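For reference, the structure discussed in these notes is given below.
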Amino acid sequence: MALVEAGDVPGVLRALGELGTEQRAAQLPELDARYEELGFPGWLQLTVEQRVALAGARLGCQPTSEAAARHLHHGGRYVPPHDDWMVDVVELFPVAWRTELVARLDEQVRERSGSQRLHLVVDHIVRTTGCPMPESDYFLSGWLSSHHRATSEGVL
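When you read off a place in the sequence shown, starting at 1, and then add 38, the result is the number in our numbering.
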């Protein structure tokens, strides 16, 4: 928790990488309690680094890919202003876990709407693991939209 409070994002990632799944999961209640205790006013008082450290630690301590998918889908009312922190956290997990995370996220968006922030992490996992691209309308339209913007930026 000291690394989170200090906003030491590299330290949080290093610590998560040194812990096993059960050890990470044991940290989750304290992290969730801190998150709930902050509320929105407290969240706004944190530095960007502290927000990323707390969000990253909470994601990294999810005990399963299914729990991580639920967490990413609706586990955070307050999130850092950018999404690249998720990529650093999911890279700590084995390929099979990341592949399962993509499948679980795809299942969840078929049942409910998704969050725009999921596109970055799913796209990264698909590109780095070779796992199948989700086939839900949500992810396909998001992928097409993001790639259309990326290719049209340099046209003019």
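C-beta atoms are modelled at their ideal positions from N, C-alpha and C, and glycine is treated no differently.
All figures in this text were calculated on a predicted structure; none of them were measured in a lab.
Simplified DSSP state of residue i, which is helix, strand or coil
i: Leu194; result: At Leu194, the pLDDT of 42 sits below 50, so the modelled position is not reliable; the number obtained from the coordinates is stated separately. In the structure shown, Leu194 sits in coil (DSSP, three-state: anything other than H, G, I, E or B).
i: Arg52; result: helix
i: Arg142; result: helix
i: Leu178; result: helix
i: Glu129; result: coil
i: Thr137; result: helix
i: Met124; result: helix
Where the alpha helix (DSSP H) through residue i begins and ends
i: Phe78; result: 59-83
i: Gly168; result: Counting along the chain, Gly168 falls outside any alpha helix (DSSP H), and DSSP gives it neither H nor E.
i: Val117; result: That residue, Val117, is in no alpha helix (DSSP H); it is neither H nor E in DSSP.
i: Asp46; result: Note, Asp46: premise wrong, no alpha helix (DSSP H); not H, not E.
i: Leu97; result: 86-98
i: Arg155; result: Looking at the DSSP string, Arg155 is not in any alpha helix (DSSP H), and its letter there is neither H nor E.
Check: residue i C-beta below 7 Å from any heavy atom of the ligand SAM
i: Thr137; result: With respect to the ligand SAM, the structure offers nothing, as it holds no ligand at all.
With 16 other Cβ atoms within 10 Å as the buried cut-off, status of residue i
i: Pro67; result: exposed
i: Gly94; result: buried
i: Asp122; result: exposed
i: Ser183; result: exposed
i: Phe177; result: buried
i: Leu92; result: buried
i: Leu156; result: buried
CB of residue i within 8 Å of CB of residue j, strictly
i: Arg199; j: Pro118; result: This structure cannot speak to residue 199, because the chain is shown only from 39 to 194.
i: Thr137; j: Pro101; result: no
i: Leu143; j: Val128; result: no
i: His111; j: Arg96; result: no
i: Gln146; j: Ala107; result: yes
i: Leu41; j: Leu130; result: no
i: Leu158; j: Val133; result: no
i: Pro170; j: Val160; result: no
i: Glu74; j: Val47; result: no
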